[in-house]
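S.K.: Quick one: the structure is below, and I'll ask about it shortly.
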Amino acid sequence: MASTDLERLLEISKLRIDGVSTAFIREIYRVIEWNSRLILLKGCRGVGKTYLMLQHLKMSDKKSVFFSLDHIYFLTNRLSDAIGDMYKEGYRVFALDEIHKYPDWSIELKNIYDSYADVKLVVTSSSALNILAGSGDLSRRMDAYLMRGLSFPEYMVYEHGMLLPTYTFDEMLTDFDAIYESVYHTFDIEKRFRAYLKKGYYPFYKEAGNKYHERLAAVVLQVIDSDMAAIFNIDYASARQIKKLLALISRLGPFAPNITKLSRDLAMSRNSVLTYLDYLSEAGIIHILKSEAKSDSALTKPDKVFMENTNLLHAFDRTLVNTGTLRETFVFNALVLGGYNVSTPAKGDFMIDNAYVLEVGGPNKDFHQLSGMPNAVLIKEGTAKGAPNILPMWMLALLKKG
Numbered sequence: 049m050a051s052t053d054l055e056r057l058l059e060i061s062k063l064r065i066d067g068v069s070t071a072f073i074r075e076i077y078r079v080i081e082w083n084s085r086l087i088l089l090k091g092c093r094g095v096g097k098t099y100l101m102l103q104h105l106k107m108s109d110k111k112s113v114f115f116s117l118d119h120i121y122f123l124t125n126r127l128s129d130a131i132g133d134m135y136k137e138g139y140r141v142f143a144l145d146e147i148h149k150y151p152d153w154s155i156e157l158k159n160i161y162d163s164y165a166d167v168k169l170v171v172t173s174s175s176a177l178n179i180l181a182g183s184g185d186l187s188r189r190m191d192a193y194l195m196r197g198l199s200f201p202e203y204m205v206y207e208h209g210m211l212l213p214t215y216t217f218d219e220m221l222t223d224f225d226a227i228y229e230s231v232y233h234t235f236d237i238e239k240r241f242r243a244y245l246k247k248g249y250y251p252f253y254k255e256a257g258n259k260y261h262e263r264l265a266a267v268v269l270q271v272i273d274s275d276m277a278a279i280f281n282i283d284y285a286s287a288r289q290i291k292k293l294l295a296l297i298s299r300l301g302p303f304a305p306n307i308t309k310l311s312r313d314l315a316m317s318r319n320s321v322l323t324y325l326d327y328l329s330e331a332g333i334i335h336i337l338k339s340e341a342k343s344d345s346a347l348t349k350p351d352k353v354f355m356e357n358t359n360l361l362h363a364f365d366r367t368l369v370n371t372g373t374l375r376e377t378f379v380f381n382a383l384v385l386g387g388y389n390v391s392t393p394a395k396g397d398f399m400i401d402n403a404y405v406l407e408v409g410g411p412n413k414d415f416h417q418l419s420g421m422p423n424a425v426l427i428k429e430g431t432a433k434g435a436p437n438i439l440p441m442w443m444l445a446l447l448k449k450g
């Protein structure tokens, strides 16, 4: 690599690293084992992967460099050559953004990993990337982490500088009165929780301002046109079909899909509908709910389909967002963010960790639909306080795994 190219890449890297603040750091930062030699940070576009990686470089005590692999340089030059040149200059930590945009990424990473024992690689990619799909065997070498949007406690720190306590589901069931007394009015939960549901999941909401939902919709389309195209090798026609399917999902809200009807309405095969649902789920745009008894295969019909988070509901058509859709979408996402395994119960809306059955509803919801179900819990929106086996919806925003 010519010295001018090297200098330009270093200049871009320095600008990117200098441009980040470490005043607010995501919770996942504390989970990642940064001493690992090869780290993959996966997540949907817009959740903050690149920023987190740049924060790590800023705090590193080793010579570090940032490469965006969609830079024009990497159209005609090999990544391993660039790292070899940087290695000679003393660089030991390499942050590689959007690895899925680089052809033969898995082979290149394997070769770099095997060639430089003292090099650390941190790479980001779409959440849809399958590390087993590449030609290089990286599964034994790579530590992979999935990054999602801001949890409500993270949002409260980011937006208001307030540190909220978090609780396990069992703690909520036993201590609902104490939790209400300690946080609800102190932190003005009702107002701030409503704001979070509308715009608070993707960190770029601050810079986007009133254009947030417009930008969020554009980000989702970019995921389909760019990330899915690179990872799943889909063409323009397939991307268009996926967008049509997503538009339908966003209008219907959480629903049990009739695959035959969807196939007919969208003029695509049954297998295409199931495959595209899987793509959207892997990309972090929708959630798919299945019973524990069902296969994880992409061609297994899901029991229910949700948008991934409530901000997406507002981004696609805020006039169509109804309360029931908002409730179920939030609760599912809160359970996932909290680290719980979510599946379809025989009755009710959700089963968590094969232990509790949840039914989500408004303030007048009762246990009628959960009749005969053990460990049944109501999640009520529109109420502030809990009761035995009844939790207010806002409380799940403070959920953590034990």
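In our numbering, the protein residues as written are 49 to 450. C-beta: ideal position from N, C-alpha, C; glycine also.
Below 8 Å on the Cβ atoms is my guess for asparagine 359 versus tyrosine 249; work out the distance and round it to an integer in Å.
M.R.: By one-based count along the sequence shown, residue 359 stands at place 311. By one-based count along the sequence shown, residue 249 stands at place 201. Sure, about 4 Å apart at Cβ, within 8 Å.
S.K.: Hey, could you find the ends of the beta strand (DSSP E) leucine 406 is sitting in?
M.R.: For the purposes of this step, residue 406 is identified with residue 358 of the sequence shown, where counting begins at 1. 404 to 409 is the span of the beta strand (DSSP E), which, as asked, contains leucine 406.
S.K.: Out of Leu296, Tyr139 and Ala394, point me to the one whose CA is closest to lysine 110's CA.
M.R.: By 1-based counting over the sequence shown, the position of residue 110 is 62. Ranking Leu296, Tyr139 and Ala394 by Cα distance to lysine 110 puts Tyr139 first.
S.K.: Here's the rule: buried if 16 or more other CB atoms are within 10 angstroms of the residue's CB, otherwise exposed. What is alanine 304?
M.R.: Taking the first residue of the sequence shown as position 1, residue 304 is located at position 256. Per the 10 Å Cβ criterion, exposed.
S.K.: For methionine 355, count the other beta carbons within 10 Å of its own beta carbon; 16 or more makes it buried, fewer makes it exposed. Which is it?
M.R.: Counting from one through the sequence shown, the residue named residue 355 turns up at place 307. Classification for methionine 355: buried.
S.K.: Curious, which full-length alpha helix (DSSP H) runs of at least 4 residues does the stretch 84 to 142 contain?
M.R.: Runs found: 97 to 107 and 127 to 136.
S.K.: With the cut-off set at 9 Å, would you say isoleucine 87 and alanine 192 are in Cβ contact?
M.R.: Here residue 87 corresponds to residue number 39 of the sequence shown, with the count starting at 1. Here residue 192 corresponds to residue number 144 of the sequence shown, with the count starting at 1. Yes, Cβ-Cβ distance for isoleucine 87 and alanine 192 is below 9 Å.
S.K.: By DSSP, does isoleucine 334 sit in helix, in strand, or in coil?
M.R.: Counting from one through the sequence shown, the residue named residue 334 turns up at place 286. Three-state DSSP puts isoleucine 334 in a strand.
S.K.: Give the DSSP bridge partners of threonine 172, in chain order.
M.R.: Residue 172 sits at position 124 when you count from the first residue of the sequence shown. In DSSP, threonine 172 forms a bridge with Leu89.
S.K.: Can you give me the C-alpha to C-alpha distance between alanine 445 and proline 201, rounded to a whole angstrom?
M.R.: Residue mapping note: residue 445 aligns to position 397 of the sequence shown, counting from 1. Residue mapping note: residue 201 aligns to position 153 of the sequence shown, counting from 1. Their Cα atoms are separated by approximately 7 Å.
S.K.: Within 10 angstroms of the Cβ of tyrosine 388, are there 16 or more other Cβ atoms? Answer buried if so, exposed if not.
M.R.: The residue labelled residue 388 in the question sits at position 340 within the sequence shown. Result: buried.
S.K.: Please report whether the beta-carbon of isoleucine 297 lies at a distance below 9 Å from any beta-carbon of chain B.
M.R.: Of the protein chains in this structure there is only one, and it is not chain B.
S.K.: When DSSP builds the beta bridges, which residues end up paired with serine 391?
M.R.: Position 343 of the sequence shown, counted from the first residue, corresponds to residue 391. Partner(s): Met399.
S.K.: From leucine 221 to isoleucine 438, what distance separates their C-alpha atoms?
M.R.: For the purposes of this step, residue 221 is taken as residue 173 along the sequence shown, with counting starting at 1. For the purposes of this step, residue 438 is taken as residue 390 along the sequence shown, with counting starting at 1. If you take the alpha carbons of leucine 221 and isoleucine 438, they lie about 8 Å apart.
S.K.: What would DSSP say about aspartate 145, mapped onto helix, strand or coil?
M.R.: Counting from one through the sequence shown, the residue named residue 145 turns up at place 97. Correct three-state label for aspartate 145: strand.
S.K.: In angstroms, rounded to a whole number, what distance separates the CA positions of serine 9 and aspartate 365?
M.R.: With the chain running from 49 to 450 in the structure shown, residue 9 is simply not present.
S.K.: Go ahead and pull the three-state DSSP assignment for aspartate 414.
M.R.: Working through the sequence shown from its first residue, we reach residue 414 at position 366. Three-state DSSP puts aspartate 414 in coil, outside helix and strand.
S.K.: Determine which residues share a DSSP beta bridge with proline 440 and list them.
M.R.: In the sequence shown, counting from the first residue as 1, residue 440 sits at position 392. Answer by DSSP bridge pairing, in chain order: Lys428.
S.K.: Going by the CB atoms, is the gap between serine 174 and glycine 91 shorter than 9 Å?
M.R.: Taking the sequence shown and counting its residues from 1, one reaches residue 91 at position 43. Taking the sequence shown and counting its residues from 1, one reaches residue 174 at position 126. Result yes, Cβ atoms of glycine 91 and serine 174 sit closer than 9 Å.
S.K.: Would you mind giving the Cβ-Cβ distance between methionine 204 and arginine 240, rounded to the nearest angstrom? I have them listed as a contact below 8 Å.
M.R.: Taking the first residue of the sequence shown as position 1, residue 204 is located at position 156. Taking the first residue of the sequence shown as position 1, residue 240 is located at position 192. Between arginine 240 and methionine 204 the Cβ distance is about 7 Å, and since that is below 8 Å, they are a contact.
S.K.: Tell me whether methionine 49 sits in a helix, a strand or coil according to DSSP, three-state version.
M.R.: Position 1 of the sequence shown, counted from the first residue, corresponds to residue 49. Legend: pLDDT at methionine 49 = 47, less than 50; position of this residue unreliable, no value from coordinates given.
S.K.: Give a yes or no on whether the C-beta atoms belonging to aspartate 152 and phenylalanine 115 are separated by under 9 Å.
M.R.: The residue you call residue 152 lines up with position 104 of the sequence shown. The residue you call residue 115 lines up with position 67 of the sequence shown. No, they are not a contact pair.
S.K.: Touching or not, the stretch 273 to 284 and the stretch 121 to 138, by the rule of three or more beta carbon pairs under 8 Å?
M.R.: Taking 8 Å as the limit for Cβ pairs, the verdict is that the stretch 121 to 138 does not touch the stretch 273 to 284.
S.K.: Go ahead and pull the three-state DSSP assignment for aspartate 66.
M.R.: Residue mapping note: residue 66 aligns to position 18 of the sequence shown, counting from 1. Helix, per DSSP.
S.K.: State the DSSP-derived secondary structure class of valine 353, mapped to helix, strand or coil.
M.R.: Within the sequence shown, numbered from 1, the residue matching residue 353 stands at position 305. In this structure, valine 353 counts as strand in the three-state DSSP scheme.
S.K.: Is the beta carbon of lysine 338 sitting closer than 9 Å to the one on aspartate 326?
M.R.: Along the sequence shown, read from residue 1 onward, the residue named residue 338 stands at position 290. Along the sequence shown, read from residue 1 onward, the residue named residue 326 stands at position 278. No, the pair does not count as a contact, with Cβ atoms beyond the cut-off.
S.K.: Are the CB atoms of glutamate 429 and valine 405 within a distance shorter than 9 Å?
M.R.: The residue given as residue 405 occupies position 357 in the sequence shown. The residue given as residue 429 occupies position 381 in the sequence shown. Going by C-beta atoms, valine 405 is not nearer than 9 Å to glutamate 429.
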